[in-house]
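Peer 1: Have a look at this one before I ask anything.
Number of protein chains: 2
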Amino acid sequence: MRTYGQYCSLAKALDLLGDRWTLLIVRELLLQGPCRYTDLRRGLPGIATNLLADRLRELEAAGVVAREEAGPPIATTLFGLTPRGEELKDALYALGLWGIPLMAEGPAPDDAFRNLWTTMPGDLFLRDRTPDRPPITIEVRAGEDPMLIETVDGEVRLRRGSAEDPDAVLSGSPDMILAVITGGLDLAEAEARGLCLEGSRSSVSRVLPERAAPASGAASG
Amino acid sequence: MRTYGQYCSLAKALDLLGDRWTLLIVRELLLQGPCRYTDLRRGLPGIATNLLADRLRELEAAGVVAREEAGPPIATTLFGLTPRGEELKDALYALGLWGIPLMAEGPAPDDAFRNLWTTMPGDLFLRDRTPDRPPITIEVRAGEDPMLIETVDGEVRLRRGSAEDPDAVLSGSPDMILAVITGGLDLAEAEARGLCLEGSRSSVSRVLPERAAPASGAASG
DNA sequence: CCGCATCCGGGGCGATACTG
DNA sequence: CAGTATCGCCCCGGATGCGG
């Protein structure tokens, strides 16, 4: 194994996680939960199959990933994070938070996008500002699979799926959705720029952050 | 620039920071403050000179690093973090915290060690548990350059240097020092295993964490 | 001495094809 | 579905050179 050869905890962490694609694999497992090899491929557009297999082996050896043979009716191998792997959440979210301003200029021409990836900014920025009121559900449509924002016990939960009768439906381009979630763009202004809001506007603004949060702002141009 | 091609803040962050050595360069600048090319080389044993120059250019282009031409009497170029670069501290410390358990088994045979690297674990684990008492100074000697632990205004500060009349001097092998700092090893037991403590023991235990903190423990074997 | 640029060998990486 | 096999390419590591 290639190592930095430094007795430093950051260097040791990067010895295990610093290779290409490794942290993105952890991201997928963190956001999706245990999933199949094929699901990982779908969530990691562009990764070579041998690399994915290699990384999964390395992560397994490092105690970050565990594979379990799911019995019938699934009958396939599932890859999931170990508790030790779950402990990477803080580090991944810290890096993801640092990266938020980099999204301000919108996706590059060939950028892939999955709605699931908005989970991280959502977890970082959305809060239930009126937890005493009845719970709400908001459906978000930016990529292919819709996402749900739910308020439960004063907390905001994000997960895949769609609701039968959501309080609001938010649909628009990925960068627009993201700018609204991170507080870089006012809701009203986002609508003027093409964001589509159906249903209760107050439900949406209930979970949105107050003002622009990251230093560089988001989608200000 | 090689990119993951994903419209995700973590992927965008790794586009800039994911290359080999990049985050370790940021570590050095974070721990050392602005420093010269040669100082960086010294703090990054094993890096190739062209790689260091490349990375510094990339980081400069990304707005993470700024170079300043220091006038006389220094007359050299200094590399330092921009405010945007300083914002990486949380992410680096989160990764470093995750890596603490990896240090438990001690350094690998060829591992380099710099006392400065203990700054990160120190910042993460040391606290002034009796901030109302008079400030103290502890000198730590594990690598070549000694470090100082100081209590100032209820906070613990770490920096390079040595004191004229410290309240205590801690010297020993890197893994022993680290195990004590991270709370993986009791102070008394560390002394039995070769750690040398001169001066006030209570000064040392005043800043040490209460119990073993990381899950896997440290230097338990 | 400081801050690189250049050259070169090896291997990690990317893309595709293929298989139990 | 879950990988393995193969093949370029370019990143990386190590050495050397070189202008200021």
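Quick mapping for you: the protein sequence lines, in order, are chains E and R. All residue numbers for the first sequence refer to our numbering, where the first residue is 2 and numbers rise by one. All residue numbers for the second sequence refer to our numbering, where the first residue is 2 and numbers rise by one. In this text, a Cβ means the ideal position worked out from N, Cα and C, and glycines have one as well.
Is it the case that the Cβ atoms of residue 105 of chain E and residue 185 of chain E are separated by a distance below 8 Å?
Peer 2: Counted from its first residue, the first sequence places residue 105 of chain E at position 104. Counted from its first residue, the first sequence places residue 185 of chain E at position 184. A contact, by the Cβ cut-off of 8 Å.
Peer 1: With DSSP collapsed to three states, give me the class of residue 115 of chain E.
Peer 2: Along the first sequence, read from residue 1 onward, the residue named residue 115 of chain E stands at position 114. Here residue 115 of chain E sits in coil by DSSP.
Peer 1: Whole-angstrom Cβ separation of residue 167 of chain E and residue 153 of chain E, contact assumed at under 8 Å?
Peer 2: The residue you call residue 167 of chain E lines up with position 166 of the first sequence. The residue you call residue 153 of chain E lines up with position 152 of the first sequence. Residue 167 of chain E to residue 153 of chain E, Cβ: 14 Å. No contact.
Peer 1: Run through DSSP, which three-state label would residue 165 of chain R get?
Peer 2: Taking the first residue of the second sequence as position 1, residue 165 of chain R is located at position 164. In the structure shown, residue 165 of chain R sits in coil (DSSP, three-state: anything other than H, G, I, E or B).
Peer 1: Would you call the CB atoms of residue 202 of chain R and residue 172 of chain R closer than 8 Å?
Peer 2: Numbered from 1 along the second sequence, position 201 holds the residue referred to as residue 202 of chain R. Numbered from 1 along the second sequence, position 171 holds the residue referred to as residue 172 of chain R. No, these two residues do not count as a Cβ contact at 8 Å.
Peer 1: Given a threshold of 16 other Cβ atoms within 10 Å of its Cβ, counted over all protein chains shown, does residue 245 of chain E qualify as buried or as exposed?
Peer 2: Here chain E covers residues 2 to 222 and nothing more, so residue 245 of chain E does not appear.
Peer 1: Is the stretch 108-122 of chain E touching the stretch 111-122 of chain R in the sense that three or more CB pairs, one from each, lie closer than 8 Å?
Peer 2: The stretch 111-122 of chain R, when compared against the stretch 108-122 of chain E, does not touch it at the 8 Å Cβ threshold.
Peer 1: In three-state terms, what does DSSP make of residue 158 of chain R?
Peer 2: In the second sequence, the residue the question calls residue 158 of chain R occupies position 157. Strand, per DSSP.
Peer 1: Could you work out which residue in E/150, E/160, E/177 is closest to residue 169 of chain E when comparing CA atoms only?
Peer 2: Counting from one through the first sequence, the residue named residue 169 of chain E turns up at place 168. Ranking E/150, E/160, E/177 by Cα distance to residue 169 of chain E puts E/150 first.
Peer 1: Is residue 2 of chain R buried or exposed, if buried means 16 or more other CB atoms sit within 10 Å of its CB?
Peer 2: Here residue 2 of chain R refers to the residue found at position 1 of the second sequence. The residue is exposed, with fewer than 16 neighbouring Cβ atoms inside 10 Å.
Peer 1: Mapping DSSP to helix, strand and coil, what is residue 121 of chain E?
Peer 2: Here residue 121 of chain E is taken as the residue at index 120 of the first sequence, counted from 1. It is helical.
Peer 1: Using 8 Å as the limit for Cβ to Cβ distance, is residue 46 of chain R near chain E?
Peer 2: Stepping through the second sequence from its first residue, residue 46 of chain R is reached at position 45. At least one chain E Cβ lies under 8 Å of residue 46 of chain R.
Peer 1: Does residue 146 of chain R get closer than 8 Å to chain E when you measure Cβ to Cβ?
Peer 2: Numbered from 1 along the second sequence, position 145 holds the residue referred to as residue 146 of chain R. So, not an interface residue.
Peer 1: Work out the CA separation of residue 199 of chain E and residue 208 of chain E for me, nearest whole Å.
Peer 2: Position 207 of the first sequence holds residue 208 of chain E. Position 198 of the first sequence holds residue 199 of chain E. Roughly 16 Å between the two C-alpha positions.
Peer 1: Alpha carbon to alpha carbon, what distance is there between residue 32 of chain R and residue 206 of chain E?
Peer 2: Working through the first sequence from its first residue, we reach residue 206 of chain E at position 205. Working through the second sequence from its first residue, we reach residue 32 of chain R at position 31. Going from the Cα of residue 206 of chain E to the Cα of residue 32 of chain R covers about 41 Å.
Peer 1: Which whole-angstrom value is the C-beta distance of residue 123 of chain E and residue 159 of chain E, which I expect to be below 8 Å?
Peer 2: Looking up residue 123 of chain E in the first sequence gives position 122. Looking up residue 159 of chain E in the first sequence gives position 158. Contact flag correct, Cβ pair sits at about 5 Å.
Peer 1: Answer yes or no: does any C-beta atom of chain R fall closer than 8 Å to that of residue 1 of chain E?
Peer 2: As shown, chain E starts at 2 and ends at 222. That puts residue 1 of chain E outside it, with no answer to give.
Peer 1: Tell me the DSSP bridge mates of residue 226 of chain R?
Peer 2: Outside the shown range of chain R, which is 2 to 222, sits residue 226 of chain R, and nothing can be said about it.
Peer 1: So residue 24 of chain R and residue 60 of chain E are in contact, right, with Cβ under 8 Å, and what is the actual spacing, rounded?
Peer 2: Position 23 of the second sequence, counted from the first residue, corresponds to residue 24 of chain R. Position 59 of the first sequence, counted from the first residue, corresponds to residue 60 of chain E. Incorrect: roughly 18 Å between the Cβ atoms, too far for contact.
Peer 1: Leaving out the 5 sequence neighbours to the left and right, which residues in its chain are closer than 8 Å to residue 45 of chain R when beta-carbon positions are compared?
Peer 2: One-based indexing of the second sequence puts residue 45 of chain R at position 44. Excluding sequence neighbours, residue 45 of chain R sits near 22, 25, 26, 29, 53.
Peer 1: Residue 189 of chain E and residue 180 of chain E: beta carbons closer than 8 Å?
Peer 2: Locating residue 189 of chain E in the first sequence gives position 188, counting from the first residue. Locating residue 180 of chain E in the first sequence gives position 179, counting from the first residue. No.
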